[in-house]
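Chains as they are written, first to last, in the numbering used here: chain A, 1 to 747; chain B, 1001 to 1627.
We put the CB at the ideal spot given by N, CA and C, even for glycine.
One structure is given here, and the rest of the page talks about it.
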Amino acid sequence: MAAIQGGMAEAVEIKDIKTEPPVDAVVNNNANDGSVLSASPGPGGSVGSTKPATGALEEKQTLLAILQFLKKNQLSESVDILRREAGLPQDLFDLKGADASSGSGGTPGTVEGGGLDANSLLSRVTSSSAAQAPVKAPPAEDQPDVSVVLSAYSQQGDPALYEVYYSGLKKFIETVLDCHRAELSQVFYPLFVHMYLELVYNNHENVAKAFFEKFSGDQECYYREDLQVLSGLTKKEHMRGNETLLDFRTSKFVLRISRDSYQLLKRHLQERQNNQIWNIIQEHLYIDIFDGMPRSKSQIDAMSGSLAGEGKREANKAKVYYGLLKEPEIELPLDDEDEEAENEEGKPKKKKPKKDSTGSKSKKQDPNAPSQTRIPLPELKDSDKLDKIMYMKEATKRIRLGRDNLPSICFYSFLNAYQGLTAVDFTDDSSLIAGGFADSSVRVWSVTPKKLRKVKSAADLNLIDKESDDVLERIMDEKTASESKLLYGHSGPVYGISFSPDRNYLLSSSEDGTVRLWSLQTFTCLVGYKGHNYPVWDTQFSPHGYYFVSGGHDRVARLWVTDHHQPLRMFAGHLADITCTRFHPNSNYVATGSSDRTIRLWDVLNGNCVRIFTGHKGPIHALSFSPNGKFLASGATDGRVLLWDIGHGLMIGELKGHTDTIYSLKFSRDGEILASGSMDNTVRLWDAMKAFDDLETDDFTATTGHIHLQDNSQELLLGCYTTKSSPVLHLHFTRRNLLLAAGGYNP
Amino acid sequence: MAEERRQKQCSVVLPTESMKAMAESVGVGQLQEDSCTALSEEVSYRIKEITQDALKFMHHGKRRKLTTSDIDNALKLKNVEPLYGFQSQEFIPFRFASGGGRELHFYEEKEVDLSDIINTPLPRVPLDVSLKAHWLSIEGIQPSIPENPPPAPKEQQKAESTEPLKVVKPGQEEDGTIQGKGKEKGPIRLKPRSTHELSVEQQLYYKEITEACVGSCEAKRAEALQSIATDPGLYQMLPRFSTFISEGVRVNVVQNNLALLIYLMRMVKALMDNPTLYLEKYLHELIPAVVTCIVSKQLCLRPDVDNHWALRDFAARLMAQSCKTFSTTTNNIQSRITKTFTKSWLDDKTQWTTRYGCIAGLAELGPDVIKTLILPRLAVEGARIKAVMEGPVISNIDKIGADHVQSLLLKHCASVIAKIRPPPDNVEQYRIDYGYLAPMLCSHVMKARTQAAMQAQQVNRTTLTITQPRPTLSVSQSGLSASTGPRTPSIIKVPSSLTLMSPRPGTPSQPSPPATKYIVMGTSAGSASTQQQVITINSSQSASTVTSTVPSATSTLQPLVKVEPGSGPTLPGSRPMQKYIVVSLPSSNSSMENKGSVIPTPISTTLEPTGKTDRSESPGASTQSPH
């Protein structure tokens, strides 16, 4: 840290001086001695040397750095010679050396053992100095770690050799046995990107361009978007503040390779003395080695595609309590009421024993369920219990869906939505619809004959007889009854919207960086939760109410409770925007989908990331948990739906068919059918039962985690219904399993 | 190929000239080449970066189109102040100009006269967002209601008729492949069985429609025909309709029931107008019916009184239309039809009625057919007509027939002759070429020539005005209807009880009627002064009419109406579309003639949703004459 305090002058000098010819000579000599591949004649060479006054100081700093390097390598003779020649006093050197080493301790480069010590050390020296380089640049406070991150690139070989290295490796991989080729090919993309960035960082613009043009065509097609970003980046200055680049640098690219393949690669690189590539592999890649059969091309393709490679295996090892919470027992008086209601409807007491059986079933504790008190949940209010009873009554009338019994779909079109419909939500009992619009407004509709009414004003409320039986009815202001209500408050497009389970509140998240809580009693805004400084793409209430989660452009998902203005948890780890957020049915977990093409599952209790799912090839825009909590479905811009087993942390299915972004996914109430709605104006129904059943008969290869997916999308597709130029933005199964869909009519 | 594309991506940078142009626009005169290069690279990179961010907003806005607001939001992300004033509903508001070998896209900033804005009646408030529910699927089957897309899109119907083996129907797709898979490995495409049952509702509909079409109530018939022409769900009933028409014609020709034949032909027309239907498969029934109505010897009970000629004309037009739409190299409809007509026309024994039909049928096929088949026979036909007209013993019917044939020939041939013959119209010369009809033909040709000359002049003028770099072509957008032409603008509001586009009944939404703008532009021959008027036709109910005229230019103005459609097909429920109509004020003479005619009618006809873009005649605009 002392070195950093040493100030900007120092930093500038050390970095720039590398280009000075005499110093180069020294370094090259040393390089020969210590078999270090580095520091060839400087790039561009245009920086530093303009000011002679600072030149001397710079030189001195460099000499110090070199001395330190020599000392570390126990080249005491060289140290002595150099010191004598440069005329540096012993103590100054020691002091500075200490500074530098403590500084280097703070840098990210880690020493990888063995013969690479020298290399990484040199990189440390340079990186510790370059770490402060950007200070000279106009204030870069927004991304303080950029410079540290980029500095690792300052080590360099001969730019002309990059192509040779890369094509050498390519040739090697093309000649290895088939079974290893697919695995080793995974190395190409991260290597390509890092080599390209190194070239750019070191100002070899033309070499970099040539390199890109030569090899970008070889990369897998699902990296196309990232390559587009990369292709625009041709100057060192561009790298500063570029998020994609940062993502690539801050996180190690994770590859899964079998031990055999890895050994092959390692041997090859060591034989060839191909240190450039080896360095990149050591420093920027994380290779997850497993024992066993190498994976096939299709297996690899299924899992890759995310910004930072696959999820590490151990990342998905944590235990997840995916079972459902026990349903609270509902007290007797209410039950009687329920029965009375049933009797009124002319149905005898047949239901009674049945209800008991379901009750006893729910009393059994699911071994996979979290304990009831793992996270504190709000107490049930009387109204909640009433609602639960309604739910159970409706559930008995639920239609059993299946392959031969497809649900009816009712489509709600938003007409004249020139303001651009951006988000839709239904209440669980399907009585209300809310729409978020690009003009910052939120609208709520009642789809039942019951109109929306506000509560009377405080003065009027005082006049009400609070003892009367129908006090809840009396507090409502009849004059305000209307079919829809308009809520104004946001100052940017509304991207996420969610009803609370008790239908008293509505959440909306917007481009303006806030999440707002609206009361559906007074139709006013109650709270604006400020925390995200950038657009908030999605928000959702927990199925038990009280908690909610939001995620946005700042890559952090936040867990809030309605009565605190600050978040309880921050879930950080995604490498790009969080595009959608969903609560697990037991409220103990939160799933987030991101533009980095991964899905993460977070534990609400401790904020840990317990699952990382990779395999999508585009930003994820839809997530849905199966009602039993075991499975997760996700949809992305690539038009594919992927199915995940949460307990085992595995991909278990792929549903292909949509031709555009999937914006909504929903399981039917019993989980037999999965409905997906997309920008391509279709609603598709999939046989979820079959997808999961096929799997359970299969022997779970949980040990390796390598699943072989069958291509059975066509068999699983039960129906495809095209709307009339209305993208399907939201899907919802009513309690009786009628499917509701919603979207704006965009002729 | 992918590689090529990527190479392009890698190297696309703004040209340095752009940098220079932009520098000039902010007052930096001399920008060095190096700076330009550096700037252009930097700017290109930043633009790409911002566009990538803007895409995020597009995705979250659930749109396919990137809008200016997305760019604004992306700029906000970077803490850059967004660009103001680029909001635009429909398209990017840049204009293109070229000249002197340079091409330029510029943003048109018009000076707006505030008083005009104040005087303009407020545009109609757009309709509020509303929610409408319909059944997308009932227990797995999609009902064919207007809210759902047609069960078989036109492209599919077309594919079905042209490549019958490749077709897979939407509902049966899975069945076919799955069955194939079950029996053998690999999917086998089975020819789908098509169901021919109509639901009870469809049967009722069919009954109602057919009864209305041939019934006595004209209002009902209009409604029924409208339904046939627009309803998207008729695909399954098409075979029934086709049979109904063909049988109907067969029976009614025998009974000489002219009225019914007309009704049936109107049904054919309605079917052809329906944008969701592809009739190819049913032509074998429809064409004989139509041809019957063209060439049948007798179509009515009293051939001397009833106007069966109109039916023949109408049917001939239908025939020509179906030839245009459906004729391919495989079915050769057009050549077969032509052969049929020619053969019976050449026959000496053919009656005048049939003769008329044949000629009408041929003539409708276009000028080429007229040129090659009709013109060479004009002399022969003339002689025949002469024999009837001047000969001694003839029935009245023959005389009427010959008379009709003559006017038909004159009507169609004149314009064609006008095109193929060099100007000096000499009656004697004509007599050598065309025989008996020559004198009349000659006068018709001369009339056609003057007309054509006028039109040609207008066309020239149009292109001239557009290419001229003056700011007269103020094509304005934005629903505010506040923009006007730059010079001496005035706004003429026409109270509109007229419907500019009739929205399809029964479709999910009623579109807010589009604000249509007419820009009336006078061009004096000397191009000394340019007058402009903007006529705004709003469909609002406001009754006030603001009319202001502009002092007259010189008297050599020519009428010219140009209709440009808004973007894309006019679907119901679409955003208010805009039409730009550039109207040159008519010359004083023509305006004198047309004074008193009402503006809405002719213009609204040019605005039929299917209307082709450029129409160069419409005298109606002359109400706004400068006097």
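Practice problem: Can you check the region 196-258 of chain A for any alpha helix (DSSP H) of at least 4 residues that lies completely inside it and give the ranges in chain order? | Solution: 205-215, 224-232, 236-239, 243-250
Quiz prompt | Leu1301/B burial status per 10 Å Cβ neighbour count (16 or more: buried) | solution = Here residue 1301/B refers to the residue found at position 301 of the second sequence. Result: exposed.
Practice problem: Take Thr1037/B and list the residues in its own chain whose beta-carbon comes closer than 7 angstroms to its own, dropping the five residues that flank it on each side. | Solution: Translated into positions along the second sequence, residue 1037/B becomes position 37. Contacts found: Thr1016.
Quiz item: Taking the alpha helix (DSSP H) that Ala438/A falls in, what are its first and last residues?
Solution: Position 438 of the first sequence holds residue 438/A. Premise fails: Ala438/A is in no alpha helix (DSSP H) and is neither H nor E.
Quiz item: Are Ser408/A and Ile1145/B closer than 8 angstroms when you measure CB to CB?
Solution: The residue given as residue 408/A occupies position 408 in the first sequence. The residue given as residue 1145/B occupies position 145 in the second sequence. No.
Quiz item: How about Asn416/A: is its C-beta nearer than 8 angstroms to some C-beta of chain B?
Solution: If you number the first sequence from 1, residue 416/A lands on position 416. Yes, Asn416/A counts as interfacial toward chain B.
Exercise. Output the boundary residues of the beta strand (DSSP E) element that contains Ser510/A.
Key: Here residue 510/A is taken as the residue at index 510 of the first sequence, counted from 1. Counting along the chain, the beta strand (DSSP E) containing Ser510/A begins and ends at 505-510.
Practice problem: Might you give, ordered along the chain, the residues of its own chain that have their beta carbon closer than 6 angstroms to the beta carbon of Cys720/A, omitting 5 neighbours on each side? | Solution: The residue given as residue 720/A occupies position 720 in the first sequence. If we look at Cys720/A and ignore the five residues flanking it on each side, its Cβ neighbours are Thr682, Arg684.
Quiz item: Helix, strand or coil: how does DSSP classify Lys1183/B here?
Solution: Within the second sequence, numbered from 1, the residue matching residue 1183/B stands at position 183. Note that Lys1183/B scores 38 on pLDDT, short of 50, meaning its location in the model is unreliable; the coordinates nonetheless yield the value given after this. DSSP places Lys1183/B in helix when its eight states are reduced to three.
Practice problem: Could you check what DSSP says for Ser1246/B in three-state terms: helix, strand or coil? | Solution: On the second sequence, residue 1246/B is found 246 positions in, with the first residue counted as 1. Helix at Ser1246/B.
Practice problem: Check whether the Cβ of Arg443/A lies closer than 8 angstroms to any Cβ atom in chain B. | Solution: Residue 443/A sits at position 443 when you count from the first residue of the first sequence. Yes - at least one Cβ of chain B is within 8 angstroms of the one on Arg443/A.
Quiz prompt | DSSP-derived helix/strand/coil call for Phe613/A | solution = Locating residue 613/A in the first sequence gives position 613, where the first residue counts as 1. Residue state, collapsed to three classes: strand.
Quiz item: According to the neighbour-count rule (16 or more other Cβ atoms, all chains shown, within 10 Å of its Cβ), is Lys666/A buried or exposed?
Solution: Counting from 1 along the first sequence, the entry for residue 666/A is found at position 666. Counting Cβ neighbours within 10 Å, Lys666/A comes out buried, since at least 16 surround it.
Quiz item: Within 10 angstroms of its Cβ, does Asp554/A collect 16 or more other Cβ (buried), or is it exposed?
Solution: The residue you call residue 554/A lines up with position 554 of the first sequence. So Asp554/A counts as buried.
Quiz prompt | Met679/A classed as buried or exposed, judged by whether at least 16 other C-beta atoms fall within 10 angstroms | solution = Indexing the first sequence from 1 puts residue 679/A at position 679. Buried: at least 16 other Cβ atoms inside 10 Å.
Quiz prompt | Pair within 8 angstroms by beta-carbon distance, Leu1286/B and Ser1344/B | solution = Taking the second sequence and counting its residues from 1, one reaches residue 1286/B at position 286. Taking the second sequence and counting its residues from 1, one reaches residue 1344/B at position 344. It is not a contact, given that the beta carbons lie outside the stated cut-off.
Quiz item: Helix, strand or coil: which one does DSSP assign to Gly635/A?
Solution: As a position in the first sequence, residue 635/A is number 635, starting the count at 1. The answer is strand: DSSP assigns Gly635/A an E or B state.
Quiz prompt | Rounded straight-line distance, which links the Cα of Gln1203/B to that of Ile673/A | solution = Mapped onto the first sequence, residue 673/A falls at position 673. Mapped onto the second sequence, residue 1203/B falls at position 203. C-alpha separation (whole angstroms): 34 angstroms.
Quiz prompt | C-beta contact flag for Gln1321/B and Met1272/B at 8 angstroms | solution = To locate residue 1321/B, count along the second sequence from 1; it is residue 321. To locate residue 1272/B, count along the second sequence from 1; it is residue 272. Cβ distance < 8 angstroms, so Gln1321/B and Met1272/B count as in contact.
Self-check item: Opposing strand residues paired with Asn405/A [DSSP bridges]
Solution: Position 405 of the first sequence, counted from the start, is the residue given in the question as residue 405/A. The partner list for Asn405/A (beta bridge, DSSP) reads Gly402/A.
Quiz item: From this set, Thr734/A, Gly743/A, Ala636/A, which residue's C-alpha is nearest Arg669/A's C-alpha?
Solution: By one-based count along the first sequence, residue 669/A stands at place 669. That would be Thr734/A, whose Cα lies nearest to the Cα of Arg669/A.
Quiz prompt | For Asn416/A and Lys209/A, the rounded distance between their alpha carbons | solution = Residue mapping note: residue 209/A aligns to position 209 of the first sequence, counting from 1. Residue mapping note: residue 416/A aligns to position 416 of the first sequence, counting from 1. Distance between the alpha carbons of Lys209/A and Asn416/A: 48 angstroms.
Quiz item: In this structure, what does DSSP give as the bridge partners for Leu655/A?
Solution: In the first sequence, the residue the question calls residue 655/A occupies position 655. DSSP lists Val641/A as partners of Leu655/A.
Quiz prompt | Three-way DSSP call (helix, strand, coil) for His732/A in this model | solution = Residue 732/A sits at position 732 when you count from the first residue of the first sequence. If DSSP states are grouped into helix, strand and coil, His732/A belongs with the strands.
Self-check item: C-beta neighbour in chain B for Lys236/A, strict 8 angstroms
Solution: The residue you call residue 236/A lines up with position 236 of the first sequence. It does not; no Cβ of chain B falls within 8 angstroms.
Quiz item: Considering Gln540/A, what are the terminal residues of the beta strand (DSSP E) in which it resides?
Solution: Residue mapping note: residue 540/A aligns to position 540 of the first sequence, counting from 1. First-last of the beta strand (DSSP E) with Gln540/A: 536-541.
Quiz item: Relative to the alpha-carbon of Leu1311/B, which residue among Arg1421/B, Gly1357/B, Asn1274/B, Phe1326/B has its alpha-carbon at the smallest distance?
Solution: The residue given as residue 1311/B occupies position 311 in the second sequence. It is Gly1357/B whose Cα lies nearest to the Cα of Leu1311/B.
Quiz item: From this set, Arg443/A, Glu483/A, Asn462/A, which residue's C-alpha is nearest Ser508/A's C-alpha?
Solution: Position 508 of the first sequence holds residue 508/A. Closest option to Ser508/A, Cα to Cα, is Arg443/A.
Practice problem: Using 10 angstroms around the beta-carbon of Asn1332/B, count the other beta-carbons present and answer buried if the total reaches 16, otherwise exposed. | Solution: The sequence position of residue 1332/B within the second sequence is 332, counting from 1. It is exposed - the Cβ of Asn1332/B has fewer than 16 other Cβ atoms within 10 Å.
Practice problem: Express the C-alpha separation of Val1369/B and Pro1424/B in angstroms, rounding to a whole number. | Solution: Here residue 1424/B corresponds to residue number 424 of the second sequence, with the count starting at 1. Here residue 1369/B corresponds to residue number 369 of the second sequence, with the count starting at 1. So the alpha carbons of these two residues sit roughly 24 angstroms apart.
Practice problem: Mark Ala1418/B as exposed unless 16 or more other C-beta atoms lie within 10 angstroms of its C-beta, in which case mark it buried. | Solution: Within the second sequence, numbered from 1, the residue matching residue 1418/B stands at position 418. With 16 or more other Cβ atoms within 10 Å, it is buried.
Self-check item: Coil, strand or helix - Ile1370/B by DSSP
Solution: Locating residue 1370/B in the second sequence gives position 370, where the first residue counts as 1. In the structure shown, Ile1370/B sits in a helix (DSSP, three-state: H, G or I).
Quiz item: Per DSSP, Ile433/A forms a beta bridge with which residues?
Solution: Stepping through the first sequence from its first residue, residue 433/A is reached at position 433. In the DSSP output, where bridge partners are listed per residue, Ile433/A has Phe426/A, Trp445/A.
Self-check item: Under 9 angstroms from the C-beta of Pro619/A: neighbouring residues of chain B
Solution: Residue mapping note: residue 619/A aligns to position 619 of the first sequence, counting from 1. Ordered by position in chain B, the residues that pass the 9 angstroms Cβ test against Pro619/A are Lys1056, His1059.
Exercise. Evaluate contact between the region 392-401 of chain A and the region 1037-1052 of chain B, counting only Cβ atoms and requiring at least three cross-stretch pairs below 8 angstroms.
Key: no
Exercise. Please say whether Phe172/A and Phe192/A have beta carbons closer to each other than 8 angstroms?
Key: If you number the first sequence from 1, residue 192/A lands on position 192. If you number the first sequence from 1, residue 172/A lands on position 172. Contact: no.
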